[in-house]
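Just so it is clear: in the sequence shown, position 76 is 76 by the numbering used here, and no numbers are missing. Yeah, the Cβ is synthetic: ideal placement off N, Cα and C, and Gly gets one too. Read through the structure below, which is laid out as structure tokens, and then see the notes.
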Amino acid sequence: MKSRALAYVAAKARGGHEAGLPVTLHFHPDRSTVDGRPLLEAMAEDGFYRNQVGGAYDDPPAAERAKCGSTQFRMAAHTLGRTTFCYPDSVLNPADFGCGTRVSALIELAAGDDADLLDDYIEAHVHGPVDLAKDVEALVLDPSHRGTDVEKAASRLGCPVEWHPGFRLSTEELRRHPAYRGAEFVELGLALAEDGHLDPRVLGEARHLDPQALKRVWHYVARFGALP
Numbered sequence: 001m002k003s004r005a006l007a008y009v010a011a012k013a014r015g016g017h018e019a020g021l022p023v024t025l026h027f028h029p030d031r032s033t034v035d036g037r038p039l040l041e042a043m044a045e046d047g048f049y050r051n052q053v054g055g056a057y058d059d060p061p062a063a064e065r066a067k068c069g070s071t072q073f074r075m076a077a078h079t080l081g082r083t084t085f086c087y088p089d090s091v092l093n094p095a096d097f098g099c100g101t102r103v104s105a106l107i108e109l110a111a112g113d114d115a116d117l118l119d120d121y122i123e124a125h126v127h128g129p130v131d132l133a134k135d136v137e138a139l140v141l142d143p144s145h146r147g148t149d150v151e152k153a154a155s156r157l158g159c160p161v162e163w164h165p166g167f168r169l170s171t172e173e174l175r176r177h178p179a180y181r182g183a184e185f186v187e188l189g190l191a192l193a194e195d196g197h198l199d200p201r202v203l204g205e206a207r208h209l210d211p212q213a214l215k216r217v218w219h220y221v222a223r224f225g226a227l228p
């Protein structure tokens, strides 16, 4: 199945090769698996990456699909040999594909597109199991998770842990964009904020709320709160 999928996409790939580009798998580290285990703890026990999406987003419109998570696995270079790409997101039935290092056409499309920043990504599919000890170069966490159970669980994954600059959105900035996802999600973000700010840890601790509502608040944090 894996070899057939790779061959199918490789036959559709076009454009030249780009070497040295990182592939990252984004997710929210404070979610739970379907059997209720904390996601990172389950990964540590199993030794493999677990996709949070599954079939939950096979049918909904693009606006309801998962956007970038606050945490990412940066994949080791050898996994490119079994990685395929598309632009735009696969839910939009794209006609443009890449395979391995043959992704220059997709990069040109993304660079020339006027899509929102949260939608202007090249989607990657790493085929086959992702072994955390062998296939992952590093887990890159948001700094809001320092000193939390997320950091503790991450230390048991068997791969290096790094930190990116972080996502942090002020309530002042949040109020400036009521039309982006809706005024009701601005109000929810204002209610959840701590010390006048939202970050991934704050949203993770509110996971008892409607996940679709939290997803839209996260869109605000990711879009307007990304730190340089």
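Per-residue DSSP class, three states only, for T71: strand
Hey, quick one: how far does the beta strand (DSSP E) through V140 stretch, first residue to last? 136-141
Identify whether D58 lies in helix, strand or coil by the three-state DSSP scheme. The pLDDT assigned to D58 is 39, lower than 50, so where the model puts this residue is not dependable, and the model offers no usable value.
With which residues is L13 paired in a DSSP beta bridge? Correcting the residue identity first, residue 13 is Ala in this sequence and not Leu. For A13, which the question treats as bridged, DSSP gives the partners F97.
Drop a sphere of 10 angstroms on the beta-carbon of Q72, count the other beta-carbons inside from all chains shown, and report buried for 16 or more, exposed for fewer. buried
Given D30 as reference, the closest of M43, E18, G20, L188 once Cα atoms are compared: M43
Apart from the five residues on each side of it in sequence, which residues of its chain come closer than 8 Å, Cβ to Cβ, to C159? F73, L132, A133, V136, E137, A138, L139
My guess is that G16 and S104 are in contact by the Cβ rule of under 8 Å, so how many angstroms apart are they, rounded? 4 Å
Extent of the continuous beta strand (DSSP E) run through V150: No beta strand (DSSP E) holds V150; the alpha helix (DSSP H) holding it covers 149-154.
Go ahead and pull the three-state DSSP assignment for Y121. coil
Three-state secondary structure (DSSP) at V23? coil
Which residue wins for smallest C-alpha separation from G204, given the options K215, G196, W163? K215
Measuring alpha carbon to alpha carbon, tell me which of E172, F185, H177, Q212 ends up nearest D195. E172
Of all Cβ atoms in chain B, is any one closer than 8 Å to the Cβ of A111? The chain inventory of the structure shown lacks chain B, comprising one protein chain alone.
Does DSSP classify R37 as helix, strand or coil? coil
Return the residue from the list G98, P38, V34, H208 that minimises the CA-CA distance to L80. G98
Span separating the alpha-carbon of A13 from that of S70: 29 Å
Report yes or no: do three or more beta-carbon pairs, one from the stretch 175-188 and one from the stretch 143-154, lie closer than 8 Å? no
Just how far apart, CA to CA, sit K2 and V9? 11 Å
Sort G189, F224, F85 by Cα distance to A233 and report the nearest one. This structure cannot speak to residue 233, because the chain is shown only from 1 to 228.
For H164, which of helix, strand or coil comes out of DSSP? coil
Proximity to A77 [Cα-Cα], best of E18, N93, D116, S170: E18
Can you give the beta carbon distance from H177 to F224, rounded, assuming they're within the 8 Å contact cut? 6 Å
Can you find the residues in the same chain that come closer than 6 Å, C-beta to C-beta, to P22, ignoring five residues on each side of it along the sequence? R74
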